[in-house]
Amino acid sequence: MAKQYETVIGLEVHVELATKTKIFCGCSTAFGGEPNTHTCPVCTGMPGSLPVLNKQVLEYAVAVGLATDCTITRNCKFDRKNYFYPDNPQNYQISQLYLPICRDGRVEIGTEDGKKFVGIHEIHMEEDAGKLIHDEWDDCTLVDYNRSGVPLIEIVSEPDMRSSQEVIAYLEKLRMIIQYLGASDCKLQEGSMRADVNLSVREAGSGEFGTRTEMKNLNSFKAIARAIEAERERQIDLLESGEAVVQETRRWDDNQGESYAMRSKEDAQDYRYFPDPDLVPVVLDDAFLEQIRARQPEMRPEKMLRYKREFDIPDYDIEIITESRHMADLFEATAALGSQPKKVSNWLMGDTLRLLKERDMDPGDICFSPENLARLIALTDEKAINSSVAREVFEVMFEKDIDPEKYVEEKGLKTVNDEGALRAVVEQVIAANPQSVADFRSGKEKAIGFLVGQTMKAMKGKADPGMVNQLLRELL
Amino acid sequence: MANVISDETIEYVGILAKLELSPQEREQAKKDMGSMLDYIDRLGELDTSDVEPMSHVFPINNVFREDIVTNGDMRREILSNAPGEKDGMFMAPRTFE
Ligand SMILES: [Zn+2]
């Protein structure tokens with residue numbers, strides 16, 4: 082009988098914090114600057130420069146720790162992780178090895194077999210590295226230090242996950258918590274959330290862990306799921322053929338659907354960590370923790386309960402809308418402008434989710450404002466535009482947050498409510514389609530649909546179909 | 090000299106430091122490192138049984154900055170330290186994953 086294997090997975094998740102400045106200097110963290118324009122002596126490792134901790138980094142890290150049931154380390158400090166690579170101008174990365182800011186937390190995830198907790202081993206603060214660009218022309222490496230010193234937290238889970246579904250559920254949960262806290266936008270594609278997967282397999286029922294590998298370069302949930310399946314298969318094949326799994330770091334190639342071992346720096350990996358003498362210890366008292374706790378925003382479970390009380394929308398809608406803080410904020414702000422909650426929810430659950438999915442975007446990427454959504458809803462409420470025009474306008478609004486009132490005005494999309502003008506068009510349509518008219522009169526109810534369609538076409542869609550229907554019946 | 094540095098150790102340290110040493114340099118480095126470690130070992134002679142462990146020599150904690158951008162574009166000054174420069178970036182020898 083074939084052996085049964087169990088997959089054991091732990092994750093190292095790097096999250097880029099949403100601060101305005103870097104972790105140890107006053108350089109901007111804004112994206113898209115010209116290379117090296119967001120640099121200074123501190124983040125380029127110039128001798129004699131002095132790093133000073135950004136307080137907001139500490140506050141975000143503690144907020145994430147509290148939201149994931151961690152114990153906060155009252156006395157913590159930073160350590161130097163030494164390595165030589167041009168992305169790192171200091172020749173060490175400032176990180177936390179000995180006293181990470183948060184430890185022993187957990188998050189709850191939903192699985193096929195019900196709820197389960199994934200343990201968080203630790204969360205530590207550290208700095209990001211610069212970006213290397215290979216230059217073909219001069220066969221050299223060019224370095225941009227704009228990302229050097231951008232604050233990160235690394236969230237290290239316990240090896241508690243057993244399938245790619247559990248891994249995705251864990252990542253989605255972490256992302257939701259961190260987005261709710263406003264600590265990061267957590268975009269995998271843009272690298273503000275990065276996950277490395279530690280995976281091993283073992284015979285089902287075994288209490289021992291197998292040898293694990295670490296998989297890097299995973300830029301989407303889909304890539305993570307594929308990499309997990311492939312690595313599980315690869316390790317099982319090795320074991321089945323009597324070979325050993327080598328502990329190594331592998332790089333996932335999502336186009337090829339396979340991974341390869343990165344150049345093994347394993348035998349030369351010795352980070353010689355030691356406390357960073359440039360940074361003084363961080364000592365946290367009860368007052369500080371209380372302050373952060375008091376500032377924690379409303380998280381999803383409380384928000385769901387409040388929505389049940391305050392808004393007349395189905396539970397299903399509440400569940401979907403509160404999955405993203407941005408979506409929930411948009412919903413509330415639009416409803417606060419006077420739009421009927423169910424109508425707001427319909428736009429979010431229907432066309433918004435459809436467009437997000439089509440474009441492979443996150444709810445956090447939604448760009449239209451609550452004001453414009455409220456205007457669009459008002460336009461349909463006033464029957465100034467019909468529903469198909471509204472959907473057309475919505476697509477444009479989704480694209481670039483246009484003012485729907487102005488847009489409808491400029492493009493002349495307003496429904497013609499002038500009964501006289503509409504009546505004239507209906508009469509023309511009746512005159513031009515004697516066959517359908519005859520069909521309808523002989524009892525073919527379907528024929529009226531065709532006549533409505535012809536009228537709408539003649540009106541370039543700017544008519545209220547109900548009104549057209551009514552006029553047709555009157556005139557036939 | 091109490092600390093004797095083996096050939097393997099100097100080889101390993103060389104890899105970590107990305108240094109290629111000639112045979113003469115290796116011998117010199119072994120001697121230098123040995124005497125450095127001897128010097129450090131003198132710390133062990135101190136009686137520290139009454140000293141609390143500490144992670145910093147200054148009695149200061151919690152030095153923070155506010156999250157406010159204070160640095161402007163100093164690319165020119167920063168790049169003036171670069172041995173080579175191209176397209177506003179530092180030029181380094183070819184590296185790969
Ligand atoms: Zn800087």
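The listed protein sequences derive, respectively, from chains S and V.
Residues in the first sequence are numbered consecutively from 82, following the numbering used here.
Residues in the second sequence are numbered consecutively from 90, following the numbering used here.
Glycine included, each C-beta is placed from N, C-alpha and C at the ideal position.
The structure presented is a predicted model; accordingly, all values stated were derived computationally and were not measured.
Not flagged as an interface residue toward chain S: V/Ser169, since no C-beta distance is shorter than 8 Å.
Identification of residues in the segment 108–125 of chain S having a C-beta nearer than 7 Å to some C-beta of chain V yields Cys108, Ser109, Glu115, Pro116, Asn117, Thr118, Thr120, Cys121, Thr125, given in sequence order. The C-beta of S/Cys448 has fewer than 16 other C-beta atoms within 10 Å across all chains shown, which makes the residue exposed. Assignment of S/Glu463 by DSSP, reduced to helix, strand and coil, places it in the coil class. The CB of S/Pro378 never comes closer than 8 Å to any CB in chain V; the least such distance is about 18 Å. By the C-beta density criterion, S/Phe355 is exposed, having fewer than 16 other C-beta atoms within 10 angstroms. For a Cβ distance threshold of 7 Å, residue set Lys107 of chain V lies close to S/Phe165, ordered along the chain. Cβ atoms of S/Gly146 and S/Ile182 come within 8 Å of each other, at about 6 Å. Counting every other CB atom within 10 Å of its CB across the protein chains shown gives S/Asn336 a total below 16, marking it as exposed. Note that the C-beta distance between S/Asn453 and S/Thr496 is not below 8 Å. In chain order, the residues positioned with their C-beta nearer than 6 Å to some heavy atom of ligand 1 are S/Lys103, S/Cys106, S/Cys108, S/Thr120, S/Cys121, S/Val123, S/Cys124, S/Gly230, V/Asn160. Take S/Asn135, set aside five residues on each side of it, and the residues of its chain with a beta-carbon closer than 8 Å to its own are Thr100, Thr102, Lys103, Ile104, Phe105, Pro232, in chain order. For S/Ser245, the enclosing alpha helix (DSSP H) starts and ends at 245–262. The beta-bridge partner set that DSSP reports for S/Leu280 consists of S/Ile90, S/Thr294. Proximity of V/Val152 to chain S, defined by a Cβ-Cβ separation below 8 Å, is satisfied. Look at the segment 428–446 of chain S: it has no residue with a C-beta under 7 Å from a C-beta of chain V. Nearest C-alpha to S/Asp150 among S/Asn156, S/Ala142, S/Cys157: S/Ala142.
Cβ contact annotation for S/Trp428 (same chain, cutoff 8 Å, sequence separation greater than five): Leu454, Leu457, Ile458, Phe475, in chain order. Assignment of S/Gln270 by DSSP, reduced to helix, strand and coil, places it in the coil class. When C-beta distances to chain V are compared with 8 Å, the residues of the segment 217–230 of chain S below that value are Asp219, Asp220, Cys221, Thr222, Leu223, Val224, Asp225, Tyr226, in chain order.
Put simply, of S/Ser176, S/Arg228, S/Leu180 the residue whose alpha carbon is nearest the alpha carbon of V/Met178 is S/Arg228. Contact between S/Ser244 and S/Gly200 fails: their C-beta atoms lie close to 16 Å from each other, not under 8 Å. Around S/Pro122, the same chain offers Ser130 as residues with beta carbons nearer than 6 Å, after the five sequence neighbours per side are excluded. For the pair V/Asp130 and V/Gly123, the Cα-to-Cα distance works out to about 10 Å.
Membership of S/Leu223 in the beta strand (DSSP E) is indicated by the continuous run 221–225. The residue from S/Leu557, S/Ala111, S/Glu93, S/Lys543 with its alpha-carbon nearest to that of V/Ile157 is S/Ala111. Taking the Cα of S/Ala308 as reference, the smallest distance to any Cα among S/Val248, S/Lys543, S/Glu271, S/Ser273 is reached at S/Val248. Three or more Cβ pairs closer than 8 Å define a contact, and the segment 279–296 of chain S meets that threshold against the segment 86–98 of chain S. Sequence-distant partners of S/Ile373 (beyond 5 residues in either direction) whose C-beta falls short of 8 Å from its own C-beta, in its chain, are Glu140, Val143, Ala144, Leu147. Nearest to S/Gln174 by alpha-carbon distance, out of S/Leu180, S/Gly186, S/Ala276, S/Arg161, is S/Arg161. Counting along the chain, S/Val138 sits inside the alpha helix (DSSP H) bounded by residues 136–148. If you compare the alpha carbons of S/Ile234, S/Tyr251, S/Glu235 with that of S/Asp241, the shortest gap goes to S/Tyr251. Taking all protein chains shown into account, S/His215 has fewer than 16 neighbouring C-beta atoms within 10 Å of its C-beta and is therefore exposed.
Counting C-beta pairs with one atom in each stretch, the segment 482–491 of chain S and the segment 521–540 of chain S have fewer than three that are closer than 8 Å, which means they do not touch.
By the C-beta density criterion, V/Thr98 is exposed, having fewer than 16 other C-beta atoms within 10 angstroms.
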